[in-house]
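Sequential numbering from 613 applies to the sequence shown in the numbering used here. All C-beta atoms, glycine included, are put in the ideal place defined by N, C-alpha and C.
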Amino acid sequence: MIISFHEGRWGRFFTRLNVFVSVLVVACALFAYVAVQLREVSPGVVAAPRTLFEIKEGEGFREISARLKAEHLIRSKTAFELYALFTGSATKLRAGNYTFDAGMTGEEILAELVRGSHREVNATIPEGLSSYAVERILVAAGVVREGEFIAAVAERDLEGKLFPDTYRFFTDSSVGDVLEKFSQNFNEKTKEFFSGGEKNFKETLVLASLLEREVPDFEERRMVAGILKKRIAERMPLQVDATICYIKEKMGYPGAFDCYPLTPLDFKIDSAYNTYLYRGLPPGPIGNPGFLALRAAQESKSSPYWFYLSDPKTKKTIFAKTLEEQSKNKALYLR
């Protein structure tokens, strides 16, 4: 009876041990499979350097993993789901807009989805860009979605007030937060130009936006500002080519500075911003000027000149006193 007892006990022990070892072997094999699948890049990723991926509020985990697989961002849907379940990550994925670079593994993608899309990025806004061009920079950085920034800028009349600078934004920010950061910086950097009142400041802002797009040199900007002010006083059309570029950009043509050469039809576009058809300053800025353009607009310089053009080769501004002299300059520099 004693021997039989011991044999029965040891038999049950070895049976359980065999089951445990079998489960352990299967688990190790499964873990190895998952690890290999997650740490290898999906073959389809190579074809897309950067992939935008959105998780919507309330979207289910399996739906998310299915879309990741469909967009070739992960190698194995099964391995991705198993790993997320093993690590407790399946219920921790956060809604938002993500940008996944080529070469990211499933493990790295899962870590991003758990961490969330709100990470800080730099966005550099050069001088003179319109709000349309600014939006393209912000969309590329993952800060806002296409269309929503432009709509908010138009609604709040903020063209010209997106001060050129390098900003730090959270990806997938609200448009309100982004515009608040722009507004704070604009108010801080331009407060010295407010002394003449709101009306004078707006005129300075609009004039500065023309100078920023037309003339690169500070002293030449001051002279052009003086010319434009004289032409306004004499009710002469300003005839600023950059306003035509802005109109075309508003109409959906690409580019802030790459709209040249302009065609005869371009100058006939019926818009309040067309300074060939309508006298005076345009109704608003045509871009977002920097500090020096604002200073040049405020500190305009008087001269005997009434006309100017930019040499496309040297970017130097060529001035003229008469229309005849301007016509000769056009033939010489713009042929």
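Which value, in whole angstroms, describes the spacing of the CA atoms of N709 and S743? The residue given as residue 709 occupies position 97 in the sequence shown. The residue given as residue 743 occupies position 131 in the sequence shown. Straight through space, the alpha carbons of S743 and N709 are spaced by roughly 22 angstroms.
Among G772, P776, D784, F805, which has the Cα closest to the Cα of E760? Within the sequence shown, numbered from 1, the residue matching residue 760 stands at position 148. Put simply, of G772, P776, D784, F805 the residue whose alpha carbon is nearest the alpha carbon of E760 is D784.
Straight-line CA distance for N950 to Y858? Outside the shown range of the chain, which is 613 to 947, sits residue 950, and nothing can be said about it.
Mapping DSSP to helix, strand and coil, what is T929? Here residue 929 is taken as the residue at index 317 of the sequence shown, counted from 1. Secondary structure of T929 (DSSP, three-state): strand.
Using CA atoms only, rank isn't needed, just tell me which of L823, A753, F665 is closest to E911. Residue 911 sits at position 299 when you count from the first residue of the sequence shown. Closest by C-alpha distance to E911, out of L823, A753, F665, is L823.
Three-state class that DSSP yields for V657 in the structure shown: Taking the sequence shown and counting its residues from 1, the one referred to as residue 657 is at position 45. Its pLDDT being 43, under 50, V657 is placed unreliably by the model, and the measurement read from it follows with that caveat. Correct three-state label for V657: helix.
Assign L944 to one of two classes, buried (16 or more other C-beta atoms within 10 Å of its C-beta) or exposed (fewer than that). To locate residue 944, count along the sequence shown from 1; it is residue 332. Flag for L944 reads exposed.
In chain order, what residues of the same chain lie with their CB nearer than 8 angstroms to the CB of I737, ignoring the 5 residues before and after it? In the sequence shown, residue 737 corresponds to position 125, counting from 1. Only V746, I749, L774, F775, P776, D777, T778, Y779, N900 meet the Cβ criterion.
Do I676 and I667 come within 8 angstroms of each other at the CB atom, strictly closer than that value? For the purposes of this step, residue 667 is taken as residue 55 along the sequence shown, with counting starting at 1. For the purposes of this step, residue 676 is taken as residue 64 along the sequence shown, with counting starting at 1. In this structure, I676 lies closer than 8 angstroms to I667 by Cβ.
Entirely enclosed alpha helix (DSSP H) segments - the region 739-823, minimum 4 residues: Taken in chain order, the complete alpha helix (DSSP H) segments of 4 or more residues contained in the region 739-823 are 743-752, 760-768, 787-802.
Give me the residue from E815, F782, E771, N941 with the minimum Cα distance to F798. Here the question's residue 798 lines up with position 186 in the sequence shown. A check of alpha carbon separations from F798 across E815, F782, E771, N941 identifies E771 as the nearest.
Using only CA atoms, which one of E671, A845, Y872, E683 lies nearest to A702? As a first step, residue 702 must be located in the sequence shown, where it is residue number 90. Minimum Cα distance to A702 is reached at E671.
M835 and F931 - do their beta-carbons sit closer together than 8 angstroms? The residue labelled residue 931 in the question sits at position 319 within the sequence shown. The residue labelled residue 835 in the question sits at position 223 within the sequence shown. Result yes, Cβ atoms of F931 and M835 sit closer than 8 angstroms.
In angstroms, rounded to a whole number, what distance separates the CA positions of S688 and T663? One-based indexing of the sequence shown puts residue 688 at position 76. One-based indexing of the sequence shown puts residue 663 at position 51. S688 and T663: Cα-Cα distance of roughly 18 angstroms.
DSSP bridge partner residues for F665 (one or two, in chain order): Stepping through the sequence shown from its first residue, residue 665 is reached at position 53. Paired residues: Y710.
Could you tell me how far apart the beta carbons of T929 and D829 are, in whole angstroms, since I believe they sit closer than 8 angstroms? Looking up residue 929 in the sequence shown gives position 317. Looking up residue 829 in the sequence shown gives position 217. Contact holds; Cβ gap of about 7 angstroms.
Please go through the same chain and pick out, in chain order, the residues whose beta-carbon is closer than 7 angstroms to the beta-carbon of G754, but skip the five residues on each side of it. Here residue 754 corresponds to residue number 142 of the sequence shown, with the count starting at 1. The residues N709, T711, V733, T783, D784, in chain order, have a CB closer than 7 angstroms to that of G754 in the same chain once the five nearest residues on each side in sequence are set aside.
Which term fits A954, buried or exposed, when burial requires 16 or more other beta carbons within 10 angstroms of its beta carbon? Because residue 954 is not part of the residues shown, which for the chain are 613 to 947, the question remains open.
Please state the DSSP three-state secondary structure of T703. Taking the first residue of the sequence shown as 1, we reach residue 703 at position 91. Three-state DSSP puts T703 in coil, outside helix and strand.
Between Y920, E719, E792, S795, which lies nearest to A696 when the distance is taken from Cα to Cα? In the sequence shown, the residue the question calls residue 696 occupies position 84. Answer by Cα proximity: E719.
Buried or exposed for Y920, going by 16 or more other Cβ atoms inside 10 Å? Here residue 920 refers to the residue found at position 308 of the sequence shown. So Y920 counts as buried.
Compare the beta carbon distance of T855 and T875 with 8 angstroms and say whether it is the shorter of the two. By 1-based counting over the sequence shown, the position of residue 855 is 243. By 1-based counting over the sequence shown, the position of residue 875 is 263. No. Outside cutoff.
Which residue's Cα is closest to the Cα of A766: V751, F781, V787? Numbered from 1 along the sequence shown, position 154 holds the residue referred to as residue 766. Relative to the Cα of A766, the nearest Cα in the group V751, F781, V787 belongs to V787.
Residue range of the unbroken beta strand (DSSP E) whose run includes A905: On the sequence shown, residue 905 is found 293 positions in, with the first residue counted as 1. Careful: A905 lies outside any beta strand (DSSP E), inside the alpha helix (DSSP H) at 903-910.
Confirm, please, whether the CB-CB distance from A714 to P661 is below 8 angstroms. As a first step, residue 661 is located in the sequence shown; it is residue number 49 there, counting from the start. As a first step, residue 714 is located in the sequence shown; it is residue number 102 there, counting from the start. Yes, Cβ-Cβ distance for P661 and A714 is below 8 angstroms.
At what residues does the alpha helix (DSSP H) containing T855 begin and finish? Position 243 of the sequence shown, counted from the first residue, corresponds to residue 855. Bounds of the alpha helix (DSSP H) holding T855 are 853-862.
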